[in-house]
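See structure below.
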Amino acid sequence: MKFKGKSFIAIVLAPEQPFDSWFKELDRIIERSPGFFIDRPIILDVRGSNIPIEDLERVLDGLGERSIRVMGIDGISGTRLKDGMPPSFGGGRLTAEVDVPEPDTQISKPAEAADDDNPQVKETDVPSSSAASASETNGHSFAKSLDELERESAQQGDSSIVISDHVRSGQSILHPDGDVTVIGSVSSGAEIIAGGSIHIYGALRGRALAGVAGKDNARIFCTKLDAELVSINGLYKVADDFDGTLRNSPAQIRFENETLVFEGLN
Numbered sequence: 046m047k048f049k050g051k052s053f054i055a056i057v058l059a060p061e062q063p064f065d066s067w068f069k070e071l072d073r074i075i076e077r078s079p080g081f082f083i084d085r086p087i088i089l090d091v092r093g094s095n096i097p098i099e100d101l102e103r104v105l106d107g108l109g110e111r112s113i114r115v116m117g118i119d120g121i122s123g124t125r126l127k128d129g130m131p132p133s134f135g136g137g138r139l140t141a142e143v144d145v146p147e148p149d150t151q152i153s154k155p156a157e158a159a160d161d162d163n164p165q166v167k168e169t170d171v172p173s174s175s176a177a178s179a180s181e182t183n184g185h186s187f188a189k190s191l192d193e194l195e196r197e198s199a200q201q202g203d204s205s206i207v208i209s210d211h212v213r214s215g216q217s218i219l220h221p222d223g224d225v226t227v228i229g230s231v232s233s234g235a236e237i238i239a240g241g242s243i244h245i246y247g248a249l250r251g252r253a254l255a256g257v258a259g260k261d262n263a264r265i266f267c268t269k270l271d272a273e274l275v276s277i278n279g280l281y282k283v284a285d286d287f288d289g290t291l292r293n294s295p296a297q298i299r300f301e302n303e304t305l306v307f308e309g310l311n
């Protein structure tokens, strides 16, 4: 018998009191991106909280009502957990955020219209090898295979990859080993996840998650900011929290003093 290891990007949720307000924030994210938590590994982080087991049950029930399935709980002894609760879990390396390629209403959008004309927690990197996955939208595959991307990167002699097409709704590009450059737009419902910086030579309407390898010097650049969510090294902001003056304008986003700084590009 052979045993193999496999790494994943996991979303870490850290519940905060009052729980009603915390759940309202989750609901706000789900309303904007209904597929945010779908089919993703979810870890509940309760380190340092000394959360009573009754409150933990309440949190798990609330997440279950929102179809958020927790695979493990970090920061609590397994002896405190009741039967049926997710197992105690630890050892992850905190970095940045991830999303899911949804919602279905946007995936069904015609490919020609998905990019150019119509506008739109905390996570841990359980580091994985470079990967790029493509969804099928209206019968067309919009992403290059992992092998193709890795061959291109090797030919370039660095760890960066270049996507020379639009990133369509429902498509996810994951490259935790370096920068990602997109010669096109990133549609709503799509995501770019990079270990380094993200450069988008078009509109950013989906999700951009830079610095997932723990790089707080990573940046996000785009020629039109209309993103659902942006993240650098574990810190994220959703669209409602952006500086309105930069909406639909060229922008860069950087990490400074435990906050995300949004700046215009001239």
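Numbering (my numbering), first residue to last: 46 to 311.
We put the beta carbon where it would ideally sit given N, CA and C, even for glycine.
Run through the stretch 87–125 for me and flag every whole beta strand (DSSP E) of 3 or more residues, listed as ranges in chain order.
87–90 and 117–119
Starting from the C-beta of I228, find all residues in its chain whose C-beta is less than 6 angstroms away, skip the five residues before and the five after it, and write them out in chain order.
S209 and Y246
Under the three-state reduction of DSSP, which class applies to K127: helix, strand or coil?
Note: K127 maps to coil in three-state DSSP.
CB A263 to CB N278, shorter than 8 angstroms?
yes
When burial is assigned at 16 or more other CB atoms within 10 Å of the CB, is L310 buried or exposed?
exposed
Got a sec? Which residues, its chain only, sit under 8 angstroms from E303 by beta carbon, not counting five neighbours each side?
L280
With a 10 Å radius around its C-beta and 16 neighbouring C-beta atoms as the bar for buried, classify D106 as buried or exposed.
exposed
In three-state DSSP terms, what is G289?
helix
Which residue or residues does DSSP assign as beta-bridge partners of R252?
E236 and L274
Under 8 angstroms between the Cβ atoms of E236 and S217?
yes
Determine the direct distance from the alpha carbon of G241 to that of A253, and round the result to whole angstroms.
11 angstroms
Hey, how far is the Cα of D16 from the Cα of I87?
An answer regarding residue 16 cannot be provided, because it is not within the stretch 46 to 311 covered by the chain.
Would D90 pass as a contact of A59 if the rule is Cβ separation under 8 angstroms?
yes
In the DSSP assignment, the alpha helix (DSSP H) including S217 goes from what residue to what residue?
First-last for S217: S217 to H220, but that is the beta strand (DSSP E), not the alpha helix (DSSP H).
Look up S133 in the DSSP assignment and give the residues it is bridged to.
I118
Relative to the C-alpha of K260, which candidate in I238, L274, L291 and S233 has its C-alpha closest?
I238
Between the C-alpha atoms of T169 and M46, what's the straight-line distance to the nearest angstrom?
Here T169 scores only 40 on pLDDT, less than 50, and its place in the model is too uncertain to base an answer on.
Helix, strand or coil for F82 per DSSP?
coil
Could you tell me how far apart the beta carbons of G234 and G251 are, in whole angstroms, since I believe they sit closer than 8 angstroms?
About 6 angstroms separates the two Cβ atoms, so the contact holds.
Applying the 10 Å Cβ sphere with the 16-neighbour rule, what's the burial state of P221?
buried
Between G109, D119 and L108, which lies nearest to K96 when the distance is taken from Cα to Cα?
Residue 96 is actually Ile in this sequence, not Lys. Among G109, D119 and L108, the Cα nearest to that of I96 is on D119.
What is the DSSP secondary structure of A284, reduced to helix, strand or coil?
helix
Given a cut-off of 8 angstroms on the beta-carbon distance, is the pair A248 and D285 in contact?
no
For R213, count the other beta carbons within 10 Å of its own beta carbon; 16 or more makes it buried, fewer makes it exposed. Which is it?
buried
Could you tell me the boundaries of the beta strand (DSSP E) in which E301 lies?
Unbroken beta strand (DSSP E) run through E301: A296 to E301.
Thinking C-beta only, is P132 closer than 8 angstroms to G117?
yes
What residue range is occupied by the uninterrupted alpha helix (DSSP H) comprising E61?
E61 -> no alpha helix (DSSP H), and no H or E assigned at all.
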